[in-house]
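Chains as they are written, first to last, in the working numbering: chain A, 440 to 610; chain B, 55 to 392.
Backbone N, C-alpha and C fix where the C-beta goes; we use that ideal spot for every residue, glycine too.
Predicted, not measured: the structure shown is a model, and the values here were computed from it.
This report concerns only the one structure given below.
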């Protein structure tokens, strides 16, 4: 929603230089045009389509924003790529990596099912947390299989290893 | 002779850059920038192998078809133009790269027969090379992120091409497809199922590591080809006259026809492969040689390799004539056993 009039949908991302600081806002076409005329180009850093603008905002260190409220209920918008709840519902596609946080509730259940957790290759640049998490998942799965096949002694060893990793074994 | 009916295997690995919006949501200039960085990365001194990289829209339709037929481009990617779309091929077709299709990057590899582990080494290495330049979109639970949440995970798609004409004509594919579905795999026709050509691929890329995914896909494929083998023997045992007639007719057409379309050509080759295996014709044609021939008679291959006109059309009558000539030459020495 336009941050100026609060009526029209925001379609233009505007960055302004004020007192040496950059501030950004999402405006509708007419409010953006009015602002441009008012400033006469002075201090206006850029005005871009909202989706593009948010991306540049994010790499400039400006925090991505969530826009809440739409017709009849809350609507979310990814601060990085500009994808909205409606976009996700219509296409089933997310716009960028940040969308996975913004639209967590809209990601299909099966993709957060623990049995489908990632167990494969991890990027070299990925922090240690991911590797530990993968090890925990691997051990949990192993524990389930050992218990199912009544190999309790081996299961106890796996349970100990999980405890070492600070993981409370389930079941 | 490798006698498995696994005709070909292929891998596709999807990766997206962490900061840039996924291709459908990104502005063109960012996609162009990603492509330029990927090109520089792969052509940098010390990078493995020589790459031929072209903007997709500079490739002729015939060349795109040729690369799709070789398993080096996906059909969806080849058919659509868009910003920052590059098609790169590693020397000798050992692997390929698509940029800014469904994902920022797709690494592909395809080989006759079963070479999954060897191919994984190739794409894994290329993934590492690209990762030196790009930070991947990755989530510790979901794995490598993609625009479609259903395909998050390893980002690895395993494709196994099978020749199962007898299971097809005896109506057993439906039950088989349902069983594969429950194991997480899809059975889909290749070349409109001409010659009983099908492909098995994994629906989800998560919940298993790369090695497990490849092993599970191979196990599923082997179970299918074992059934095909049994079905071939049973059909021949129960009605040898009809089987001989079917194969003999195929041999007659392959040796005598002057115009053959692609679907008919694949069906003829498949029938003659089955015939050779059952001892109806000789010499026998190995499944892998049959698959190589099936590829060779596809429109892109004929235009690029036979007609030597990379810019020619894919529907010209000369292509059907060239296909018939290839079949006549290949099967000139084949005969039906008495």
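Per DSSP, the beta-bridge partners of residue 197 (chain B) are B:193. In this structure, the beta-carbon distance from residue 152 (chain B) to residue 210 (chain B) does not fall below 8 Å. When only Cα atoms are considered, residue 197 (chain B) and residue 262 (chain B) end up about 11 Å apart. With a threshold of 16 other beta carbon atoms within 10 Å, residue 120 (chain B) meets it and is buried. The beta carbon of residue 107 (chain B) sits closer than 6 Å to those of 93, 140 and 142, all from its chain and outside the five residues before and after it, given in chain order. By the neighbour-count definition (other C-beta atoms within 10 Å, threshold 16), residue 163 (chain B) is a buried residue. Three or more pairs of CB atoms, one per stretch, sit closer than 8 Å, so the stretch 382-389 of chain B contacts the stretch 304-324 of chain B. For a Cβ distance threshold of 8 Å, nothing in chain A lies close to residue 234 (chain B): the least Cβ distance comes to about 18 Å. By the CB criterion at 8 Å, residue 292 (chain B) and residue 221 (chain B) fall outside the cutoff. Identification of residues in the stretch 191-208 of chain B having a C-beta nearer than 7 Å to some C-beta of chain A yields 191, 192, 193, 194, 195, 196, 197, 199, 201, 202, 203, 204, 206, 207 and 208, given in sequence order.
With distances taken between CA atoms, residue 533 (chain A) lies nearest to B:206 out of B:289, B:136, B:59 and B:206.
At a C-beta separation below 7 Å, residue 523 (chain A) has no neighbours in chain B, since its nearest C-beta there lies roughly 11 Å away. Cβ-Cβ separation between residue 604 (chain A) and residue 584 (chain A): approximately 18 Å, too far for a contact (criterion under 8 Å).
Listed in chain order, the beta strand (DSSP E) runs fully inside the stretch 137-177 of chain B are 140-144, 150-153 and 159-166, counting runs of at least 3 residues. Bounds of the alpha helix (DSSP H) holding residue 301 (chain B) are 294-310.
Taking a beta-carbon distance threshold of 8 Å, residue 514 (chain A) does not count as an interface residue toward chain B. Residue 604 (chain A) has a beta carbon lying at 8 Å or more from every beta carbon in chain B. Residue 132 (chain B) and residue 586 (chain A) have their C-alpha atoms spaced approximately 49 Å apart. Beta-bridge annotation (DSSP): residue 107 (chain B) is paired with B:142. Contact note: residue 78 (chain B) reaches chain A through 532, using a C-beta cutoff of 7 Å and chain order. At least 8 Å separates the CB of residue 597 (chain A) from every CB of chain B.
Legend: CB atoms of the stretch 264-296 of chain B lying less than 9 Å from CB atoms of chain A belong to residues 264, 265, 266 and 267. The closest CA to that of residue 117 (chain B), considering only B:367, B:157 and B:376, is found on B:367. Per DSSP, residue 330 (chain B) is one residue of the alpha helix (DSSP H) stretching across 316-332. Leaving aside the five residues that flank residue 91 (chain B) on each side, the residues in its chain whose CB is nearer than 8 Å to its CB run, in chain order, 187 and 188. With fewer than 16 other Cβ atoms inside 10 Å of its own Cβ, residue 444 (chain A) counts as exposed. Per DSSP, the continuous beta strand (DSSP E) segment holding residue 217 (chain B) begins and ends at 210-217.
Rounded to whole angstroms, the Cβ separation of residue 191 (chain B) and residue 80 (chain B) is 12 Å, and the two are not in contact under 8 Å. Within the stretch 250-263 of chain B, the residues whose Cβ lies closer than 9 Å to some Cβ of chain A are 258, 259, 260, 261, 262 and 263, listed in chain order.
In the structure shown, the three-state DSSP call for residue 243 (chain B) is strand.
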